[in-house]
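Heads up: the sequence lines are chains A and G, in that order.
Residues in the first sequence are numbered consecutively from 661, following this note's numbering.
Residues in the second sequence are numbered consecutively from 661, following this note's numbering.
Idealized CB from N, CA, C, for every residue including glycine.
Read through the structure below, which is laid out as structure tokens, and then see the notes.
There are 2 protein chains.
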Amino acid sequence: MARLPLYLRALHGMAERGVATVSSEDLAVAAGVNSAKLRKDLSHLGSYGTRGVGYDVEYLVYQISRELGLTQDWAVAIVGVGNLGRALANYGGFVSRGFRVAALIDADPEVVGDTIAGLNVEHIDALEAVITRRGVSIVVLATPAEAAQAVCDRVIAVGVTSILNFAPVVLSVPDTVDVRKVDLSIELQILAFHEQRKAGGPLMAVDGQ
Amino acid sequence: MARLPLYLRALHGMAERGVATVSSEDLAVAAGVNSAKLRKDLSHLGSYGTRGVGYDVEYLVYQISRELGLTQDWAVAIVGVGNLGRALANYGGFVSRGFRVAALIDADPEVVGDTIAGLNVEHIDALEAVITRRGVSIVVLATPAEAAQAVCDRVIAVGVTSILNFAPVVLSVPDTVDVRKVDLSIELQILAFHEQRKAGGPLMAVDGQ
DNA sequence: GCGACTTTGTGCATCGGTTCACAAAGGGAT
DNA sequence: ATCCCTTTGTGAACCGATGCACAAAGTCGC
Numbered sequence: 661m662a663r664l665p666l667y668l669r670a671l672h673g674m675a676e677r678g679v680a681t682v683s684s685e686d687l688a689v690a691a692g693v694n695s696a697k698l699r700k701d702l703s704h705l706g707s708y709g710t711r712g713v714g715y716d717v718e719y720l721v722y723q724i725s726r727e728l729g730l731t732q733d734w735a736v737a738i739v740g741v742g743n744l745g746r747a748l749a750n751y752g753g754f755v756s757r758g759f760r761v762a763a764l765i766d767a768d769p770e771v772v773g774d775t776i777a778g779l780n781v782e783h784i785d786a787l788e789a790v791i792t793r794r795g796v797s798i799v800v801l802a803t804p805a806e807a808a809q810a811v812c813d814r815v816i817a818v819g820v821t822s823i824l825n826f827a828p829v830v831l832s833v834p835d836t837v838d839v840r841k842v843d844l845s846i847e848l849q850i851l852a853f854h855e856q857r858k859a860g861g862p863l864m865a866v867d868g869q
Numbered sequence: 661m662a663r664l665p666l667y668l669r670a671l672h673g674m675a676e677r678g679v680a681t682v683s684s685e686d687l688a689v690a691a692g693v694n695s696a697k698l699r700k701d702l703s704h705l706g707s708y709g710t711r712g713v714g715y716d717v718e719y720l721v722y723q724i725s726r727e728l729g730l731t732q733d734w735a736v737a738i739v740g741v742g743n744l745g746r747a748l749a750n751y752g753g754f755v756s757r758g759f760r761v762a763a764l765i766d767a768d769p770e771v772v773g774d775t776i777a778g779l780n781v782e783h784i785d786a787l788e789a790v791i792t793r794r795g796v797s798i799v800v801l802a803t804p805a806e807a808a809q810a811v812c813d814r815v816i817a818v819g820v821t822s823i824l825n826f827a828p829v830v831l832s833v834p835d836t837v838d839v840r841k842v843d844l845s846i847e848l849q850i851l852a853f854h855e856q857r858k859a860g861g862p863l864m865a866v867d868g869q
């Protein structure tokens with residue numbers, strides 16, 4: 661389920677604060693979900709709590725981490741080292757959760773060779789070689805929209821099946837490949853939509869007759 | 661609906677390529693959705709196509725833009741000018757869709773006073789004043805997790821009701837306020853989860869007995 | 001050891017969204 | 001003008017997710 665990372669984050673916070681045991685109700689509040697939903701998620705995942713007590717925080721952290729595959733180390737390549745790619749390379753949230761930025765790749769000769777976040781930026785020509793050699797299994801696309809599909813095709817050709825796409829295009833991929841999309845501009849547009857609703861809905865413009 | 665921005669992007673591309681009219685089927689493919697869903701979305705929004713022909717691209721662009729509120733100019737403030745905040749400030753995708761970055765705000769005296777993307781970074785003490793004076797209606801939170809809730813409370817207090825949150829925390833807000841969350845680390849965790857599934861599911865570890 | 005209380009796990013009803021499939025509507029050719 | 005072909009708009013079945021409510025299970029105090 662897509663909510664497990666949310667639970668995991670809440671649990672990590674509790675573990676740090678020394679909480680040993682937590683009820684579904686409390687955890688649900690911390691994660692911002694319904695408690696029945698949370699219990700169903702956890703039961704579906706096979707983990708057991710103790711009736712009358714709750715869930716053991718440590719044990720649950722371990723179970724969810726294992727389910728999510730965070731007990732292993734994932735090598736991530738970031739393609740496209742513009743402003744966004746740079747920010748991602750420096751983002752601390754990746755490392756802390758079992759993800760390791762293993763390669764930075766760009767097409768701009770101006771950028772290739774630079775050192776960012778301790779990594780050497782490599783040329784797009786070496787894309788396939790770098791991915792294969794470093795065992796990269798997840799690729800982050802932070803390229804311009806025009807370049808995204810081509811890069812996508814190339815990384816799929818060398819066996820990558822998980823892609824996080826920041827480029828504002830709909831990637832076409834075989835259905836053996838998972839793509840997750842983050843489009844910053846779309847998020848803002850959705851907010852603007854709701855904001856406008858609050859302000860009284862779309863104006864009653866005299867439409868084309 | 662949350663899919664309107666997707667349609668809009670596809671339509672913009674078509675308009676640029678000189679396409680005058682488009683069928684629900686073609687547009688659905690371009691946006692990566694089912695054609696019946698698309699037709700239902702569009703009909704629900706009140707726009708009309710022509711049976712036997714399809715939709716007029718220009719007209720549809722206008723209708724959707726109006727529905728999303730993109731005919732007006734939205735002032736956005738970015739709070740937290742770290743790597744991510746900087747990337748967002750420089751991101752071209754905002755401006756091109758009716759969003760204007762009207763303010764950059766940070767707490768770090770080292771950063772305050774810098775000019776980024778043509779804007780002066782202002783101090784967090786001036787948060788309320790800046791938001792009010794510049795007519796900011798959407799706030800982007802790119803602060804560390806610890807600071808997010810406090811900033812959130814302050815901007816809500818001066819009337820902001822739309823927040824785009826990049827900080828990895830669950831914000832607690834009154835339900836008159838819309839919050840959209842983008843958590844980069846969670847996206848990667850979901851990919852890792854699927855990736856692991858493909859590789860044969862969680863290992864059959866000898867669990868705690 | 002026993003009873004009252006707490007909390008999990010889940011059956012069931014519900015709900016919203018998705019998809020299918022088709023009738024109604026319009027365009028174009030003859 | 002009429003017929004056929006294309007495409008929309010939507011009724012209805014379907015599906016998964018959600019939330020309620022409760023029985024089963026286990027703890028804690030006495």
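- Put simply, the backbone Cα of LEU705 of chain A is about 17 Å away from that of GLU855 of chain G.
- Taking 7 Å as the cut-off between beta carbons, the residues of the stretch 751-779 of chain G near chain A are TYR751, GLY753, PHE754, ARG757 and PHE759, in sequence order.
- Looking at the DSSP output, ILE798 of chain G bridges to G:VAL736 and G:SER822.
- Taking a contact to require three or more Cβ pairs closer than 8 Å, the stretch 667-686 of chain A and the stretch 713-721 of chain A qualify as touching.
- Residue A:ALA691 holds the alpha-carbon nearest to the alpha-carbon of SER832 of chain G among A:GLU676, A:ALA691, A:ARG669 and A:LEU787.
- Nearest Cα to SER725 of chain G within the set G:GLY678, G:SER756 and G:LEU668: G:LEU668.
- Per DSSP, GLU685 of chain A is one residue of the alpha helix (DSSP H) stretching across 684-691.
- If the five residues before and after SER695 of chain G are omitted, its C-beta is found closer than 6 Å to the C-beta atoms of SER684, GLU685 and ALA688, all from its own chain and listed in chain order.
- The stretch 744-757 of chain A and the stretch 843-857 of chain G touch, with three or more beta-carbon pairs separated by less than 8 Å.
- Contact annotation: VAL739 of chain A and VAL800 of chain A have beta-carbon atoms nearer than 8 Å.
- Remark: C-beta atoms of LEU664 of chain G and LEU728 of chain G approach each other more closely than 8 Å.
- Scanning A:ASP835, A:THR836, A:ALA859 and A:ASN825 for the CA closest to the CA of ASP843 of chain A turns up A:ASN825.
- Pairwise C-beta distances place the stretch 731-746 of chain G in contact with the stretch 762-781 of chain G, as three or more of them are shorter than 8 Å.
- Non-local beta-carbon contacts of GLN809 of chain A in its own chain, meaning distances under 8 Å to residues more than five positions away in sequence, involve VAL829, LEU831 and SER832 in chain order.
- When the beta-carbon positions are compared, ALA827 of chain A and ALA805 of chain A come within less than 8 Å of each other.
- At a Cβ-Cβ threshold of 8 Å, LEU764 of chain G and GLU788 of chain G do not count as neighbours.
- Cβ contact annotation for ASP701 of chain G (same chain, cutoff 8 Å, sequence separation greater than five): MET661, ARG663, LEU664 and TYR667, in chain order.
- For ASP838 of chain A, at least one C-beta of chain G is nearer than 8 Å to its own C-beta.
- ALA763 of chain G sits in a strand when the DSSP states are folded into three classes.
- Note on geometry: alpha-carbon atoms of ASP785 of chain A and VAL771 of chain A lie some 14 Å from one another.
- Residue-level contact check: GLN809 of chain G does not touch chain A, since none of the beta carbons of chain A fall below 8 Å from its beta carbon.
- VAL839 of chain G has G:ILE823 as its beta-bridge partners, per DSSP.
- Contact note: ALA735 of chain G does not reach chain A at a C-beta cutoff of 9 Å; the least C-beta distance is about 11 Å.
- Residue range 779-783 is occupied by the beta strand (DSSP E) that includes ASN780 of chain A.
- Chain order gives no chain G residues near VAL741 of chain A, where near means a beta carbon separation below 8 Å; the closest approach is about 11 Å.
- Between ALA802 of chain A and LEU748 of chain A the beta-carbon gap is near 6 Å, inside 8 Å, which marks them as a contact.
- The beta carbon of CYS812 of chain A sits closer than 7 Å to the beta carbons of LEU801, ILE823, LEU831 and VAL833 from its chain, once the five residues preceding and following it are set aside; these are given in chain order.
- CA-CA distance, PRO769 of chain G to ARG793 of chain G, rounds to 22 Å.
- Burial is judged here by how many other beta carbons sit within 10 angstroms of a residue's own beta carbon; ARG677 of chain A has fewer than 16 and is exposed.
- Using a Cβ-Cβ cut-off of 7 Å, GLU847 of chain A is close to LEU824, ARG840 and VAL842 of chain G, given in chain order.
- Residue-level contact by beta carbon holds for ARG669 of chain A and chain G, with a gap shorter than 8 Å.
- For THR803 of chain A, no pairing in a beta bridge is given by DSSP.
- At least one CB of chain G lies nearer than 8 Å to the CB of GLY729 of chain A.
- DSSP lists A:LEU779 as the beta-bridge partner residues of ILE776 of chain A.
- Counted as a single uninterrupted DSSP element, the alpha helix (DSSP H) harbouring PRO665 of chain G occupies residues 664-676.
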